[in-house]
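Student: First the structure, then my questions, so here it is.
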Amino acid sequence: MDSRELGLLLARQLFNLDDLHFGMWDEGLEVRLSNIPLAQQRFSDYLIDKMPSLDEGGPLRVLDVGCGTGQLLCRLLERGYRADGVSPSHTLNRVILERLKGMATVGHKAQLFPCRFEDLDTSSLTGLYDIVLFSESFQFIKIHRALEKLGSVLKPNGLVLICDTFSLTGPRQDPIRSGHSLEKFFRLIDGSPLRQVADEDITQRVSPTIALLEDVMQNRVKPALDSAHHYLRGRHPVMTRLAKALWGRRFRRTCDRHCGGDYTQQTFEATKSYRFFAYTLGPGKGSERVAAS
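Add 37 to the 1-based position in the sequence shown for my numbering, that's all there is to it.
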């Protein structure tokens with residue numbers, strides 16, 4: 038189980054959230070825990086609004102890479118997109134498949150590919166998709182591997198939509214070490230067949246999510262972990278010492294990263310850039326296919 042899968046499961050269990058992605062906090066939405074579902078809904082609406090309109094032509098095939106719990110995938114199906122998903126998580130895939138029941142659009146039954154995008158067998162998918170969407174999943178894929186797969190599955194002039202966190206600093210200056218280097222991303226993209234048609238910096242619109250996360254970690258998770266540690270140390274001292282010897286360093290490192298108080302909204306805004314990118318494959322500019330802001 039990787040950190041993203043664990044985060045999704047904890048979000049569902051602790052906060053009754055269906056997804057673990059950023060929320061959009063514009064238009065006067067108060068930054069508080071109870072508003073996270075609405076902020077996340079606005080984030081999903083933002084992404085869907087960026088999709089090419091179905092009114093402009095025939096049905097569009099979409100590949101949602103790293104589709105989480107399948108919420109966005111199902112919304113795309115409801116809108117009439119012929120969408121499929123990629124997810125390597127056995128646990129989350131059970132949730133996705135349950136949601137997909139009864140969600141098939143006319144002439145299309147959504148497929149779920151239970152693998153990493155890098156491992157996707159593209160032999161039967163060559164040139165199949167009009168759009169490949171990465172919603173906070175691109176950072177978990179090596180850039181050069183993603184570019185290789187995109188060249189296989191996209192139609193000529195197909196679109197790549199990326200909405201994700203990118204790092205502005207080196208790993209040593211990054212308290213969380215998440216996201217590809219933006220500089221490296223641009224360098225590799227420049228050497229690829231992809232042409233940029235949209236670039237929006239939405240860091241300020243999503244960063245209040247970090248303030249909420251920091252509040253939860255400092256005032257809920259950290260006290261709960263401290264209480265559990267004191268209890269176990271008193272009731273099971275030998276087992277506690279053994280566990281600390283085996284996993285203590287890794288556990289402390291994880292706690293320091295997420296509960297140490299260094300990862301704040303201000304730190305996020307200083308070290309990260311949260312971007313929406315749209316690229317087209319091939320010589321055409323393709324900007325007419327990306328919905329206007």
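Glycine residues also receive a C-beta, built at the ideal position from the N, C-alpha and C atoms.
1. Quick one: residues in its chain with C-beta nearer than 8 Å to the C-beta of T163, no 5 flanking neighbours on either side, listed in chain order?
2. Does DSSP classify R224 as helix, strand or coil?
3. What residue range is occupied by the uninterrupted alpha helix (DSSP H) comprising T333?
4. So for C111, helix, strand or coil by DSSP?
5. So within the region 153-220, which uninterrupted alpha helix (DSSP H) runs reach at least 4 residues, ignoring any that extend past its ends?
6. Can you look up S324 in the DSSP assignment and give me helix, strand or coil?
7. Could you tell me whether the region 166-181 touches the region 212-226, using the rule of 3 or more Cβ pairs below 8 Å?
8. Ends of the beta strand (DSSP E) at Q233?
9. Would you call the region 184-203 and the region 132-152 in contact, with 3 or more CB pairs under 8 Å?
10. On the DSSP letters alone, give me the boundaries of the beta strand (DSSP E) that A147 sits inside.
11. Per DSSP, what kind of secondary structure is T317 in: helix, strand or coil?
12. Can you give me the C-alpha to C-alpha distance between L110 and R242, rounded to a whole angstrom?
13. What is the DSSP secondary structure of Y118, reduced to helix, strand or coil?
14. Would DSSP call S310 helix, strand or coil?
15. What three-state label does DSSP hand V123 in the structure shown?
16. Would you identify the three-state DSSP class for L100, choosing helix, strand or coil?
17. Assuming H58 contacts Q77 under a Cβ cut-off of 8 Å, what Cβ separation, rounded to an integer in Å, is found between them?
18. For my contact list, G103 and F80 are in at a C-beta cut-off of 8 Å; report their separation, rounded to the angstrom.
19. Hey, out of R232, I239, L249 and T308, whose CA is closest to G319's CA?
20. Would you report the Cα separation of F288 and S215, rounded to the nearest angstrom?
21. Return the Cβ separation of Q176 and D201 in integer angstroms, given the expectation that the two are a contact with Cβ distance under 8 Å.
22. Let me check understanding here. Comparing Cα to Cα, which of T308, S244, E173 and P89 lies closest to Q302?
23. When DSSP labels each residue in this structure, what does F288 get in the three-state scheme?
24. Around the C-beta of H127, are 16 or more other C-beta atoms found within 10 angstroms, so that it is buried, or is it exposed?
25. Would you mind reading off the limits of the alpha helix (DSSP H) that contains D82?
26. Mark E173 as exposed unless 16 or more other C-beta atoms lie within 10 angstroms of its C-beta, in which case mark it buried.
27. Helix or strand or just coil, what does DSSP make of D92?
28. Distance, Cα to Cα, I247 vs R69?
29. Helix, strand or coil for V68, going by three-state DSSP, please let me know.
Tutor: On the basis of the supplied data:
1. Here residue 163 corresponds to residue number 126 of the sequence shown, with the count starting at 1. Within the same chain, T163 has close Cβ partners S189 and V190.
2. Mapped onto the sequence shown, residue 224 falls at position 187. If DSSP states are grouped into helix, strand and coil, R224 belongs with the helices.
3. Since the first residue of the chain shown is 38 and the last is 330, residue 333 is not available in this structure.
4. Working through the sequence shown from its first residue, we reach residue 111 at position 74. Helix at C111.
5. Correct list: 180-190.
6. Here the question's residue 324 lines up with position 287 in the sequence shown. Its pLDDT being 40, under 50, S324 is placed unreliably in this model, and the value from its coordinates should be taken loosely. Helix.
7. Yes, they touch.
8. Residue numbering aside, residue 233 sits at position 196 when the sequence shown is read from its first letter. Judged by DSSP secondary structure, Q233 falls within the beta strand (DSSP E) whose first and last residues are L231 to D238.
9. The answer is no - the region 132-152 does not touch the region 184-203, with fewer than three Cβ pairs under 8 Å.
10. Sequence index remark: in the sequence shown, residue 147 carries index 110 (1-based). Element bounds for A147: n/a, residue is neither H nor E.
11. Here residue 317 is taken as the residue at index 280 of the sequence shown, counted from 1. T317: strand per DSSP, three-state reduction.
12. Along the sequence shown, one-based indexing puts residue 110 at 73. Along the sequence shown, one-based indexing puts residue 242 at 205. About 23 Å.
13. In the sequence shown, counting from the first residue as 1, residue 118 sits at position 81. Looking at Y118 - three-state DSSP - the assignment turns out to be coil, as it is neither helix nor strand.
14. Reading the sequence shown from its first residue, position 273 is the one you call residue 310. Strand.
15. Here residue 123 corresponds to residue number 86 of the sequence shown, with the count starting at 1. Here V123 sits in strand by DSSP.
16. Mapped onto the sequence shown, residue 100 falls at position 63. Three-state DSSP puts L100 in a strand.
17. Stepping through the sequence shown from its first residue, residue 58 is reached at position 21. Stepping through the sequence shown from its first residue, residue 77 is reached at position 40. Rounded to the nearest angstrom, the Cβ distance from H58 to Q77 is 6 Å, consistent with a contact under 8 Å.
18. Against the sequence shown, residue 103 aligns to sequence position 66. Against the sequence shown, residue 80 aligns to sequence position 43. 15 Å between Cβ atoms; not a contact.
19. The residue you call residue 319 lines up with position 282 of the sequence shown. The residue with the shortest Cα to Cα distance from G319 is R232.
20. Taking the sequence shown and counting its residues from 1, the one referred to as residue 288 is at position 251. Taking the sequence shown and counting its residues from 1, the one referred to as residue 215 is at position 178. Confidence at F288 is low in this model, with a pLDDT of 48, below 50, so the placement of that residue is unreliable and no value is reported for it.
21. By 1-based counting over the sequence shown, the position of residue 176 is 139. By 1-based counting over the sequence shown, the position of residue 201 is 164. Their Cβ separation, rounded to whole angstroms, is 5 Å, which keeps Q176 and D201 in contact under 8 Å.
22. The residue given as residue 302 occupies position 265 in the sequence shown. Of T308, S244, E173 and P89, the residue nearest in Cα terms is S244.
23. Within the sequence shown, numbered from 1, the residue matching residue 288 stands at position 251. A caution first: F288 carries a pLDDT of 48, below 50, which makes its placement in the model unreliable, though a value can still be read off. Three-state DSSP puts F288 in a helix.
24. Stepping through the sequence shown from its first residue, residue 127 is reached at position 90. With fewer than 16 other Cβ atoms within 10 Å, it is exposed.
25. The residue you call residue 82 lines up with position 45 of the sequence shown. Note, D82: alpha helix (DSSP H), I73 to D86.
26. Mapped onto the sequence shown, residue 173 falls at position 136. Flag for E173 reads buried.
27. Start at 1 with the first residue of the sequence shown, and residue 92 comes out as number 55. Reduced to three states, the DSSP call for D92 is helix.
28. Locating residue 247 in the sequence shown gives position 210, where the first residue counts as 1. Locating residue 69 in the sequence shown gives position 32, where the first residue counts as 1. Going by the C-alpha atoms only, they are around 11 Å apart.
29. In the sequence shown, the residue the question calls residue 68 occupies position 31. Looking at V68 - three-state DSSP - the assignment turns out to be coil, as it is neither helix nor strand.
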